[in-house]
Amino acid sequence: MTIASPRTASSLAALGMVNALGRDTGEIWRRLLAADQSHFRLRDDLVPERRLWIGEVEGELPRIPARLRRYACRNNALTLAALEQIESVIAEAIAAVGRDRVGVVMGTSTSGVSDAEAAIRHRERTGRLAEEFDYDQLEFGGAAGFIAHLLEIEGPAYTISTACSSGARSLASARELIDLGICDAVIAGATDSICGLTANGFSALQVVADGITNPCSANRAGLTLGEGSAIFLVMRGGRGVQLLGVGESSEAHHMSAPDPAGQGAEQAMSAALRDADMAASAIAYLNLHGTGTSLNDVMECAAIGRVFSALPPCSSTKSLVGHTLGAAGAMEAGFCWLMLQAICAGVMPLIPHAYDGVRDPELVPVSLVTPGQQCPAGPVMTNSFGFGGNNCTLVLASASA
-10 MTIASPRTAS
0 SLAALGMVNA
10 LGRDTGEIWR
20 RLLAADQSHF
30 RLRDDLVPER
40 RLWIGEVEGE
50 LPRIPARLRR
60 YACRNNALTL
70 AALEQIESVI
80 AEAIAAVGRD
90 RVGVVMGTST
100 SGVSDAEAAI
110 RHRERTGRLA
120 EEFDYDQLEF
130 GGAAGFIAHL
140 LEIEGPAYTI
150 STACSSGARS
160 LASARELIDL
170 GICDAVIAGA
180 TDSICGLTAN
190 GFSALQVVAD
200 GITNPCSANR
210 AGLTLGEGSA
220 IFLVMRGGRG
230 VQLLGVGESS
240 EAHHMSAPDP
250 AGQGAEQAMS
260 AALRDADMAA
270 SAIAYLNLHG
280 TGTSLNDVME
290 CAAIGRVFSA
300 LPPCSSTKSL
310 VGHTLGAAGA
320 MEAGFCWLML
330 QAICAGVMPL
340 IPHAYDGVRD
350 PELVPVSLVT
360 PGQQCPAGPV
370 MTNSFGFGGN
380 NCTLVLASAS
390 A
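Mapped onto my numbering, the consecutive letters of the sequence shown carry residue numbers -10 to 390.
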């Protein structure tokens, strides 16, 4: 008989983040709690004859060092903006365990497509690609390669691209590298940037809302696109926020539409609970994938109703930052991390569900968080469901709660 060895504890030791709500975790947390939707902006340059609300990162981004100019694209500039927030903590980890024991796992679905689009427009005008364009900007692997070269890391470095579950899977992969003894620390997260290719693709699928996304509403009309970066330092052992459970499924129902019954979503949530060795009743809060599309909200709420006999408070954050696509899984794990870090006297503040308040009676009646709502501290769950049925659910908890 084979006896499975216990899994090594993995802590999410530090987090850097940028998105439409702000340029650091403190600013982002304040605006999350306020359900601030004022940072979306209208753009008319992405899809012909359409004006779209976009969750865009505002202001100037850090410059990519000259020695790494081949990686100089908006996607990597967003990555650098998040990475700089935890650079000192990463440096301490590298000094403690050695460069060969630190890995990098990043998620993305766009890489440097927006810069490639600009380079192609330049070619249409001049007959040649823009001088600053390099194909390394466009490759999916560039996200991890950029960080590895920037910090001179010698451990494994690779990128995961499974659509909207990419960021969550990067954290799952980081935990596996630590559990297998390959790494003692992993820089893990995801970045995606707004580009015309993505905007036109989702518009062609007829799932982009004319207004700001309205998840779980009877009036929901599609998603709102966003961009950003969320990067963690995942460490062996330690205190703080722990990644306790990972559930993954791949139902392959359709190239872009979810399984209407939500079987893949249900499998991912159930697997994450088993991996965390806890009952569904232990979950104090659930971050919905919550895209605000007709199909997603139906299937996700149905799956939640089957997994949970008593529905936990839940909310979608995509009506606050937009759907950040390949970055969404890491971004929303980051929101859960901030929630767990804010626990005080055994009480956890919850992120409100921002929508028009008109519940869809056809949905399983999940318990949507209202402004100012709190709950007793406990583990939290976050869902990420991607194209092709690539699903990933994470369970996080505070070791000090």
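Backbone N, C-alpha and C fix where the C-beta goes; we use that ideal spot for every residue, glycine too.
Quick one: residues in its chain with C-beta nearer than 7 Å to the C-beta of residue i, no 5 flanking neighbours on either side, listed in chain order?
i           : result
residue 352 : 205, 286, 287 and 290
residue -8  : Legend: pLDDT at residue -8 = 37, less than 50; position of this residue unreliable, no value from coordinates given.
residue 110 : none
residue 17  : 6, 8, 10 and 11
residue 405 : This structure cannot speak to residue 405, because the chain is shown only from -10 to 390.
residue 112 : 118
residue 261 : 234, 235, 236, 370, 382, 383 and 384
Identify which residue in the options has its Cα closest to the Cα of residue i.
i           : options               : result
residue 339 : 310, 319 and 306      : 306
residue 222 : 182, 323 and 105      : 323
residue 37  : 147, 9, 337 and 193   : 193
residue 141 : 83, 316, 155 and 294  : 83
residue 94  : 343, 135, 345 and 56  : 135
residue 50  : 207, 383, 63 and 308  : 63
residue 121 : 104, 113 and 115      : 104
residue 161 : 199, 265, 209 and 99  : 265
residue 349 : 224, 333 and 203      : 203
residue 7   : 26, 267 and 182       : 182
residue 218 : -2, 81, 32 and 313    : 313
residue 12  : 32, 75 and 60         : 75
residue 447 : 145, 292, 342 and 184 : The first residue shown for the chain is -10 and the last is 390, placing residue 447 beyond what the model contains.
residue 60  : 124, 30 and 308       : 124
residue 311 : 273, 215, 58 and 298  : 215
residue 273 : 332, 21 and 112       : 332
residue 176 : 384, 152 and 137      : 137
residue 25  : 388, 378, 384 and 360 : 360
residue 201 : 21, 261 and 31        : 31
residue 58  : 39, 21 and 126        : 126
Ordered along the chain, which non-local residues of its own chain (more than five positions away) have a Cβ less than 6 Å from that of residue i?
i           : result
residue 143 : 88 and 89
residue 191 : 197
residue 186 : 102
I'd like to know whether the C-beta atoms of residue i and residue j end up nearer to each other than 8 Å.
i           : j           : result
residue 255 : residue 196 : no
residue 374 : residue 247 : yes
residue 157 : residue 68  : no
residue 73  : residue 5   : yes
residue 155 : residue 44  : no
residue 276 : residue 325 : yes
residue 107 : residue 315 : no
residue 337 : residue 328 : yes
residue 270 : residue 253 : no
residue 100 : residue 128 : yes
residue 382 : residue 279 : no
residue 148 : residue 213 : no
residue 3   : residue 231 : no
residue 233 : residue 384 : yes
residue 399 : residue 220 : Nothing about residue 399 can be reported from this structure: the residues present for the chain run from -10 to 390 only.
residue 86  : residue 152 : no
Rounded to whole angstroms, what is the Cα-Cα separation between residue i and residue j?
i           : j           : result
residue 263 : residue 41  : 41 Å
residue 19  : residue 9   : 13 Å
residue 228 : residue 1   : 9 Å
residue 386 : residue 78  : 21 Å
residue 380 : residue 114 : 42 Å
residue 14  : residue 369 : 19 Å
residue 346 : residue 282 : 16 Å
residue 257 : residue 117 : 47 Å
residue 391 : residue 344 : Nothing in the structure corresponds to residue 391, since the chain is present only between -10 and 390.
residue 226 : residue 34  : 47 Å
residue 199 : residue 210 : 8 Å
residue 81  : residue 189 : 43 Å
residue 91  : residue 159 : 14 Å
residue 241 : residue 251 : 12 Å
residue 308 : residue 341 : 10 Å
residue 294 : residue 355 : 8 Å
residue 378 : residue 170 : 30 Å
residue 292 : residue 334 : 32 Å
residue -10 : residue 164 : A caution first: residue -10 carries a pLDDT of 32, below 50, which makes its placement in the model too unreliable to give a value.
residue 23  : residue 184 : 28 Å
residue 259 : residue 284 : 21 Å
residue 130 : residue 29  : 29 Å
residue 39  : residue 267 : 47 Å
residue 21  : residue 330 : 14 Å
residue 56  : residue 27  : 38 Å
Apart from the five residues on each side of it in sequence, which residues of its chain come closer than 8 Å, Cβ to Cβ, to residue i?
i           : result
residue 54  : 139
residue 66  : 50, 51, 52 and 53
residue 298 : 269 and 270
Output yes if chain C places a C-beta closer than 8 Å to the C-beta of residue i; else output no.
i           : result
residue 263 : Looking for chain C here will not work: only one protein chain is present.
- prompt: Does the stretch 346 to 366 come within contact of the stretch 298 to 306, defined as at least 3 CB pairs closer than 8 Å?
  reply: yes
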